[in-house]
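In what follows, a structure is listed as structure tokens, so that the remarks can point back to it.
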Amino acid sequence: MIQLTQEALLALIHDASIRAAAQAMAQFAAQHPINPPPSSPRQSKKLSSAPKEEEKRQEEPFSAVILAEALSAGVKVSNLSEYDGTGLSHLPLQTYLGVVQPTAAATISSLEQLTQRFLHHFSMNKRVPKPAAFLFTIRQRENKSLRDYMQRFIEAVHKVPHVNHELLASIIQQNLLPERFKESIAGAPSTMENLLMRSHKYIRIEESNASDPSLGVKRKD
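Residue numbers are given in full-length UniProt numbering: position 54 of the sequence shown equals residue 54, and the series is strictly consecutive.
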């Protein structure tokens, strides 16, 4: 999941709200021409779907005040495609509106309300940090390599904030199967980098022994 700072999120919300208002206004203008021509039988058939489109338009979360706001001259929003006046203007906004998830139409009348809606959405979906005790559940399994264990352990460490290397070394030693790497970290490494370097050394030894069992026999002698 991508982590955003509050400043970046506010900027994203501001850009998206400006674009949403502009596209909604374009849709409104397209659906309500000043002097609409008389409808032909073919046009009447097309207009049979108008109530559905009008219903979709009315479900937009922005109030009339927001929809009536004009863009300032020279405003540019990066990474968002321009509405070319064809098709339905709400289609490019499906992902954006899916995040907003309004409880009622025309309920958002300020950037503050839109910001709170976004913050609520992301706060409900953010990952909660794991406690340090979570690391004690990551054990080396029978018949599993040291590489497999270290990969799982490092992934778990990323979910636990502010754990010092001495505690990590102690947890690793406790959760490893009896091997020489476990013995080598009986004295806690001075840094996390040193701990990882030791693990890489014994991973290479373990994998060399697996590819040539005679190497392990020689070392035991």
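Here a beta-carbon is modelled for each residue, glycine too, at the ideal position from N, C-alpha and C.
_My assumption, with CB atoms under 8 angstroms, is that residue 132 sits in contact with residue 167. Please give the rounded CB distance._
7 angstroms
*Straight-line gap, residue 54 to residue 109 (C-alpha atoms, nearest Å)*: Confidence at residue 54 is low in this model, with a pLDDT of 49, below 50, so the placement of that residue should be treated as unreliable; the coordinate-derived value is given next. The straight-line gap from Cα to Cα measures roughly 20 angstroms.
*Hey, does residue 139 have any beta-carbon neighbour from chain D nearer than 8 angstroms?*
This model lacks chain D altogether, as it is built from one protein chain only.
*Please confirm whether residue 147 and residue 205 have their CB atoms less than 8 angstroms apart.*
no
*Near residue 134, which residues of its chain fall below 8 angstroms by C-beta distance, leaving aside the five closest residues on each side in sequence?*
156, 159, 160
*Residue closest to residue 117, alpha-carbon to alpha-carbon, out of 136, 151, 62*: 62
_Which listed residue (141, 197, 162) has its alpha carbon closest to that of residue 174_ = 141
*For residue 62, which residues does DSSP report across the bridge?*
108
*Confirm, please, whether the CB-CB distance from residue 152 to residue 172 is below 8 angstroms.*
no
*Nearest to residue 208 by alpha carbon, out of 169, 111, 145, 154?*
145
*Could you tell me the distance, in whole angstroms, from the CA atom of residue 136 to the CA atom of residue 170?*
10 angstroms
_For residue 211, report the span of its alpha helix (DSSP H) as first-last._
192 to 211
*Count the other C-beta atoms from every protein chain shown that fall within 10 angstroms of the C-beta of residue 150, then say buried if there are 16 or more, exposed otherwise.*
buried
*Relative to the alpha-carbon of residue 66, which residue among 181, 113, 74 has its alpha-carbon at the smallest distance?*
113
*What did DSSP end up calling residue 72 once you bin it into helix, strand or coil?*
coil
_Coarse secondary structure for residue 159, derived from DSSP in three states_ = coil
*State buried or exposed for residue 178, treating a residue as buried only when at least 16 other CB atoms are found within 10 Å of its CB.*
exposed
*How close, in whole Å, do the beta carbons of residue 165 and residue 189 come, if the pair is a contact with beta carbons under 8 angstroms?*
7 angstroms
_Three-state secondary structure (DSSP) of residue 175_ = helix
*In chain order, what residues of the same chain have a beta carbon less than 8 angstroms from the beta carbon of residue 191, not counting five sequence neighbours either side?*
165
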